[in-house]
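Under the working numbering, the first residue of the sequence shown is numbered 12, with each subsequent residue one higher. Structure, as structure tokens:
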Amino acid sequence: MKIRIASSIALAAALTLGATGCSLIAAQDTLIQYAPSDGVDANVNGVEVRNLMLVADESGEQQNVVFTGINAGEKAQQLTISFMADGQQVATSEFEVPAGTTKFGDPEGEQSLVLVKIPEAKAGTLVDAYLSTPGSAEVQHRVPVLDGSLKEYRPYVLTAEQIAKFSAPAEKAADAKSGAESTPAN
Numbered sequence: 012m013k014i015r016i017a018s019s020i021a022l023a024a025a026l027t028l029g030a031t032g033c034s035l036i037a038a039q040d041t042l043i044q045y046a047p048s049d050g051v052d053a054n055v056n057g058v059e060v061r062n063l064m065l066v067a068d069e070s071g072e073q074q075n076v077v078f079t080g081i082n083a084g085e086k087a088q089q090l091t092i093s094f095m096a097d098g099q100q101v102a103t104s105e106f107e108v109p110a111g112t113t114k115f116g117d118p119e120g121e122q123s124l125v126l127v128k129i130p131e132a133k134a135g136t137l138v139d140a141y142l143s144t145p146g147s148a149e150v151q152h153r154v155p156v157l158d159g160s161l162k163e164y165r166p167y168v169l170t171a172e173q174i175a176k177f178s179a180p181a182e183k184a185a186d187a188k189s190g191a192e193s194t195p196a197n
């Protein structure tokens with residue numbers, strides 16, 4: 012009788028361990044960090060970059076730099092993103108990331124839009140990018156180029172009118188620095 016009870020307990024323990032014990036030796040996917048959206052994530056010396064992507068404009072010739080910047084510090088930090096093509100730097104973007112969470116690349120947002128022109132960057136490709144802040148090492152990522160195929164990215168696809176609207180103030184500021192006259196965009 013004791014043998015029968017002992018074997019029943021051993022069988023129950025073996026079944027329980029067999030049914031649930033795989034988590035003891037299997038890799039747990041919930042421990043793997045990943046970017047849950049289409050963009051890439053990076054941490055650069057106190058600035059967290061989330062969901063970084065390039066969204067092509069209507070013509071496909073320029074790309075809107077879109078991401079969320081998280082600065083846990085008390086002071087704004089400068090973030091530089093250098094984009095590469097064929098091993099050469101083809102565009103550089105600079106962002107001032109204020110303390111807190113800030114969205115960049117949103118035409119309806121408060122931050123100025125930053126457009127880059129990367130000749131080979133077509134929707135569906137990846138572009139090498141190097142992210143850095145003053146005094147930090149560069150962090151390299153392959154950034155996706157997207158278009159308005161997905162409805163959640165359509166607001167970031169800029170029209171010629173939007174580009175003219177956002178580039179006119181920048182051109183005025185550049186002309187004012189150089190002493191040249193500028194004509195408002197129509």
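Backbone N, C-alpha and C fix where the C-beta goes; we use that ideal spot for every residue, glycine too. Every value quoted in this text rests on a predicted model; they were computed, and no experiment measured them.
Next on the checklist: Taking the beta strand (DSSP E) that A110 belongs to, which residues open and close that run?
Outcome noted: Your numbering for residue 110 matches position 99 in the sequence shown. A110 -> no beta strand (DSSP E), and no H or E assigned at all.
Item to check | Coarse secondary structure for I20, derived from DSSP in three states | outcome: Residue 20 sits at position 9 when you count from the first residue of the sequence shown. The answer is helix: DSSP assigns I20 an H, G or I state.
Checklist entry - Smallest Cα separation from N82: which of E172, L65 and V108? => result For the purposes of this step, residue 82 is taken as residue 71 along the sequence shown, with counting starting at 1. N82 has its Cα closest to that of V108, out of E172, L65 and V108.
Next on the checklist: Alpha carbons only, please: which of F94, Q151 and E59 is nearest the one belonging to G80?
Outcome noted: To locate residue 80, count along the sequence shown from 1; it is residue 69. Looking at the Cα atoms, E59 is the closest of the given residues.
Checklist entry - If A175 and A67 are in contact, beta carbons under 8 Å, what's the gap, nearest whole angstrom? => result Here residue 175 refers to the residue found at position 164 when the sequence shown is read from its first residue. Here residue 67 refers to the residue found at position 56 when the sequence shown is read from its first residue. Actually they do not touch by this definition, with Cβ atoms about 17 Å apart.
Next on the checklist: If you measure between the beta carbons of L63 and Q74, is that distance less than 7 Å?
Outcome noted: In the sequence shown, residue 63 corresponds to position 52, counting from 1. In the sequence shown, residue 74 corresponds to position 63, counting from 1. It is not a contact, given that the beta carbons lie outside the stated cut-off.
Checklist entry - In whole angstroms, what separates the C-alpha of F115 from that of L126? => result Counting from one through the sequence shown, the residue named residue 115 turns up at place 104. Counting from one through the sequence shown, the residue named residue 126 turns up at place 115. If I take the Cα positions, the gap works out to 11 Å.
Checklist entry - Out of curiosity, what's the CA-to-CA distance linking G159 and D117? => result In the sequence shown, residue 159 corresponds to position 148, counting from 1. In the sequence shown, residue 117 corresponds to position 106, counting from 1. The alpha-carbon atoms of G159 and D117 are separated by roughly 14 Å.
Checklist entry - Can you give the Cα-Cα distance for A196 and A38, rounded to whole angstroms? => result Here residue 196 refers to the residue found at position 185 when the sequence shown is read from its first residue. Here residue 38 refers to the residue found at position 27 when the sequence shown is read from its first residue. Residue placement at A196 is flagged as unreliable, the pLDDT there being 31, under the threshold of 50; the coordinate-derived value follows with that caveat. Cα-Cα distance, rounded: 57 Å.
Checklist entry - Just checking my contact of L90 with V55 at CB under 8 Å: how many whole Å lie between their CB atoms? => result The count along the sequence shown starts at 1 and reaches residue 90 at position 79. The count along the sequence shown starts at 1 and reaches residue 55 at position 44. Between V55 and L90 the Cβ distance is about 7 Å, and since that is below 8 Å, they are a contact.
Checklist entry - Any C-beta of chain B sitting closer than 7 Å to the C-beta of V156? => result Given the protein chain composition of this structure (a single chain), no chain B is represented.
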